[in-house]
Structures are given as structure tokens and as C-alpha cells.
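**Q** Protein sequence lines correspond, in order, to chains S and A. At position 11 of the first sequence (counting the first as 1) the number is 11 in my numbering, and the numbers step up by one without a gap. If you count the second sequence from 1, you need to add 1000 to reach my numbering. The beta-carbon is built from N, C-alpha and C at its ideal position, and this holds for glycine as well. What follows is a structure written as C-alpha cells; I'll ask about it next.
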Amino acid sequence: MTAPTPSQTVGPFFGFALPFANDAKASAGESPDAIRVEGQVLDGTGDPVGDALIEASQGDQFARCRTDGEGAFHFTVRKPVVSNGAPYLNITVFARGLLRHLHTRMYFPDEDGANRVDRVLALVDESRRHTLIARRDGAILRFDVRLQGEGETVFFAL
Amino acid sequence: MNDVDYEPPYLHPDYRSTELRAPKHEPVRLPDEWFHDAPGPVFGRIPVRDEDADLTRQHRGEPLGERIIITGRVLDSDAQPVRKTLVEVWQANAAGRYVDSADDHAAPLDPNFTGAGRALTDQDGFYRFVTVKPGAYPWRNHLNAWRPAHVHFSLFGPSLASRLVTQMYFPGDPLIPLDPILSSIPDPRGRELLIARLDLDTTVPEWALGYRWDIVLRGSRATPTEA
């Protein structure tokens, strides 16, 4: 097999290039069951990461959002329909200081039963599983990404 | 999995920004068959216009700097072409300054250069951009730190695992051995994979030097990509 081209950091200066119109909306068109997800990317000291790029995808949905000065990002998605296991979104994290991007997943808080038997969540140490499940916060879901340290988000190797 | 792997580690203290951003926990490894074949993000909402592949034609006038062509093939790890996949590029101008509002380097902006492009690979996996050669620029990683000239690349490919963000460097650049970001790749053969080669077949006489840079995405399944 041919060696894959190695990864390098997205750097701090992608904000003029990678965003696109309506990039935080995971699908074109209006959807009555769309949910807004808000979160913050935090570093090992809990400081906001203001130069990260988040991509959320699943099925026919794809959203991209650059974090702001507070490390905050948001996107709008529909809860995916899955044939087995619990519904989730693939979340990819790029940032200055990340020589390779990180893969994680966002699961839904109102899917307790399905989350309990999901085979990917089952691979994750129980004490860290909560980092993969969004929190209901009024009309929105909150999903923070902690790159390092206390409450570090679970990341996956593909 | 691949026989050879040249990926950089997350923590590379010579590149200071990794220290508070590299996860401490090992990533949870998912069985290959659960994730590897999972289709990648549908990038079809990202607009790609023909003029996006020529970074010298996005304004009223031509940008200053050395006009160049960058072309190459996007392949999977079985060396099969990855067709109709999105390639995004971004870079500093010839003076080493990004349009990005976060860049405060005291070098001039060029009103005729943004430095961002997009293209889809063709049926043989080829992409091609016309641009100007980016300048080197200082950064604050350590005293007298300068990035070698580089162009950022982002690619999707067919699966979640094939997603790649990386940087392409220019051959013979004396800053290359001094760069903590490129040097994060432990094996020098891996670093070589990020350096384009001067290519006289790509060069257009009397007009622009050509550089050839092929890209290999992770994964070997030739699943069709959504365009």
C-alpha cells in the first residue's frame, strides 16, 4: 500500500478560506425538526480555542463552523435516523496546534435507551462516556469539546 | 491499516501550540469495519466555481509575485485515483501575508490576491491550481521563527477516515529543516511527501513555473464520492 500523505495543522489563518455561505446549516432547506447545537472548544487550561474549525456530518448532512474569540461554535442539524444503535453526529476538530485533526461523536441526550446499548459508547470507559453526549439546554443542545485535561473529550482513532 | 505511517504525533513540544491542545488520553480505537467504510461528509453544499481554481484571476488586476501552477493526482492507498473529490487551498500572498484578519505580520496585503481556491479532481484524480508562490513569514513560536513557504490543502475523499488537512512545501527551501511543524513528522521520508517537485511538464513556457504534488488519502475502498 502507498503511504498516506501526512497531516499538518490547519494553522490559525483559515478563516478567510474555509467558511462558506450557510456553512453552519447541516442541510439545505428548512426542516421543522432542526436542532441548534452550541458548544465551546477549550484547551488544557480551560481557555477558549478561538481558532478551531468544527465539522459535523452524518448521512446527507454536513456543517462547518469556525470558533469565535470565545471558542464558541454552533450548527443546526436534524437528528439522524439510524437503522441500529443510537443516532449520533461525526464531529471533526481542526485547530492551530493540532497537527492532526480529531474525530469524536455527538450523541443525543434524549436517547438514553439507545445510548445505553450503543456499541461505540460501550467501548468507552464509563467515566468518560458523558463527554460524547450533548446536554439539553432549553431549546438547544450543548456540546463542548475539551481538547485536554479535566473532562477531556473522548476522541476516536479511525 | 497501512504498512507505513508517517503521521505526526499530537504532542510535539517544539511546536508550542500543541502543548495545551494535544489530548492526554489515547484515542479510542474503533474496529476498522465500523468506521473505515463509513461514507465521508457530503461536501456538495460547498460552492465550487471554475474560477476558484485560478487564484490569479479573482480580482480586477493580477497579483504580484511569481506566477505558478500546482497540479497533481489524488490517490487512495491502492494508488487508485480519487475522482470528483473537493480540494480546498489557502495561502499567504507573495509577501508572506494572509488576507485573514488574524494575521498581523507587517507585510503588505495585495488588493489583487485573496489566496483561497477550490477545485474538484477530474476523472483521473487530477487537480490543478494557478496561483502565486507564497512568501515565507515570521511566527511567534520561538525567537526568529519563520515558516517555510507553503500552501494549505484540505481534501475529503470517499470516507470519514480519508479526510485530510495538510500543507505543501516547495523544493529547496532552506527554511524547511528549521520548521517545527514539518519536523513534527518523525520520519524524514514522511516529510518528503509534503514537498512538491519542480515539474517542467507542468511549467508553461514564458508564463508560469509548474510544481507537481500528488496526495494519497487514507483508505483503499474506491467508493464513489458525492460531488
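1. Would you tell me roughly how many angstroms separate the C-alpha atoms of I1068/A and L147/S, rounded to the nearest one?
2. For T131/S, which of helix, strand or coil comes out of DSSP?
3. Go ahead and label P1158/A buried or exposed: buried means 16 or more other beta carbons lie within 10 angstroms of its beta carbon, across all protein chains shown.
4. Take H74/S and list the residues in its own chain whose beta-carbon comes closer than 7 Å to its own, dropping the five residues that flank it on each side.
5. So H1012/A packs on V1089/A, CB below 8 Å; how close in whole Å?
6. Looking at L1075/A and D1214/A, is the spacing between their C-beta atoms short of 8 Å?
7. Please report the distance separating the alpha-carbon of L1198/A from that of A114/S.
8. Anything in chain A within Cβ reach of S57/S, meaning under 8 Å, just list it in chain order.
9. Select from the stretch 1167-1188 of chain A all residues with a C-beta closer than 8 Å to any C-beta belonging to chain S, and list them in chain order.
10. Starting from A63/S, follow its DSSP beta bridges and name the residues at the other end.
11. List the residues that DSSP assigns as beta-bridge partners of Y1169/A.
12. Please say whether A1106/A and G1096/A have beta carbons closer to each other than 8 Å?
13. Give the interface partners of D1201/A over in chain S, defined as CB-CB distance under 8 Å, in chain order.
14. Which residues, in chain order, does the stretch 88-115 of chain S contribute to contact with chain A at a C-beta distance below 8 Å?
15. Alpha carbon to alpha carbon, what distance is there between Y1127/A and Y1211/A?
16. Can you check whether the CB of F155/S is closer than 8 Å to the CB of P1008/A?
17. Across which residues does DSSP place I1069/A in a beta bridge pair?
18. Near E70/S, which residues of its chain fall below 6 Å by C-beta distance, leaving aside the five closest residues on each side in sequence?
19. Run down chain S in chain order and give the residues with a C-beta less than 9 Å from the C-beta of K1024/A.
20. Please compile the residues from chain A whose C-beta is within a distance smaller than 7 Å of the C-beta of T9/S.
21. Within 8 Å (strictly less), CB to CB, does G15/S reach chain A?
22. How do the stretch 1112-1124 of chain A and the stretch 1051-1062 of chain A stand: do at least 3 beta-carbon pairs fall below 8 Å, yes or no?
23. How is G1117/A classed by DSSP in three states: helix, strand or coil?
24. Just the Cα atoms here: how many angstroms apart are F1156/A and G1040/A?
25. Could you check whether the Cβ of A72/S sits closer than 8 Å to any Cβ belonging to chain A?
**A** Once the coordinates are examined:
1. Residue 1068/A sits at position 68 when you count from the first residue of the second sequence. Residue 147/S sits at position 147 when you count from the first residue of the first sequence. Taking the straight line from one Cα to the other gives about 38 Å.
2. In the first sequence, residue 131/S corresponds to position 131, counting from 1. The answer is helix: DSSP assigns T131/S an H, G or I state.
3. As a working mapping, residue 1158/A is identified with position 158 in the second sequence. Buried.
4. Against the first sequence, residue 74/S aligns to sequence position 74. Closer than 7 Å at Cβ, skipping near neighbours: A24, R36, V37, E38, C65.
5. If you number the second sequence from 1, residue 1012/A lands on position 12. If you number the second sequence from 1, residue 1089/A lands on position 89. Between V1089/A and H1012/A the Cβ distance is about 24 Å, and since that is not below 8 Å, they are no contact.
6. Here the question's residue 1214/A lines up with position 214 in the second sequence. Here the question's residue 1075/A lines up with position 75 in the second sequence. Contact: yes.
7. In the second sequence, residue 1198/A corresponds to position 198, counting from 1. In the first sequence, residue 114/S corresponds to position 114, counting from 1. Each residue's alpha carbon lies about 54 Å from the other.
8. As a position in the first sequence, residue 57/S is number 57, starting the count at 1. Result: G1040, P1041, V1042, L1160.
9. Q1167, I1181, L1182, S1184, I1185
10. Locating residue 63/S in the first sequence gives position 63, where the first residue counts as 1. DSSP output for A63/S lists A56/S as bridge partner(s).
11. As a first step, residue 1169/A must be located in the second sequence, where it is residue number 169. In the DSSP output, where bridge partners are listed per residue, Y1169/A has H1150/A, I1195/A.
12. Stepping through the second sequence from its first residue, residue 1096/A is reached at position 96. Stepping through the second sequence from its first residue, residue 1106/A is reached at position 106. It is not a contact, given that the beta carbons lie outside the stated cut-off.
13. The residue labelled residue 1201/A in the question sits at position 201 within the second sequence. Neighbours of D1201/A on chain S: none; closest Cβ ~21 Å, over 8 Å.
14. N90, T92, F94, A95, R96, G97, L98, L99, R100, H101, L102, H103
15. Counted from its first residue, the second sequence places residue 1211/A at position 211. Counted from its first residue, the second sequence places residue 1127/A at position 127. If you take the alpha carbons of Y1211/A and Y1127/A, they lie about 12 Å apart.
16. As a working mapping, residue 1008/A is identified with position 8 in the second sequence. As a working mapping, residue 155/S is identified with position 155 in the first sequence. No. Outside cutoff.
17. Position 69 of the second sequence, counted from the start, is the residue given in the question as residue 1069/A. Paired residue(s): V1130/A, G1210/A.
18. Translated into the one-based positions of the first sequence, residue 70/S becomes position 70. These residues qualify, in order along the chain: P48.
19. Within the second sequence, residue 1024/A is the residue found at index 24, counting from 1. Residues of chain S passing the Cβ test: G44, Q148, G149, E152.
20. Counting from one through the first sequence, the residue named residue 9/S turns up at place 9. The contacting residues are I1181.
21. For the purposes of this step, residue 15/S is taken as residue 15 along the first sequence, with counting starting at 1. Chain A, which has a Cβ nearer than 8 Å to the Cβ of G15/S, makes this yes.
22. yes
23. Here residue 1117/A is taken as the residue at index 117 of the second sequence, counted from 1. Reduced to three states, the DSSP call for G1117/A is strand.
24. In the second sequence, counting from the first residue as 1, residue 1156/A sits at position 156. In the second sequence, counting from the first residue as 1, residue 1040/A sits at position 40. One C-alpha to the other measures close to 7 Å.
25. Locating residue 72/S in the first sequence gives position 72, counting from the first residue. No, because no Cβ of chain A sits closer than 8 Å to the Cβ of A72/S.
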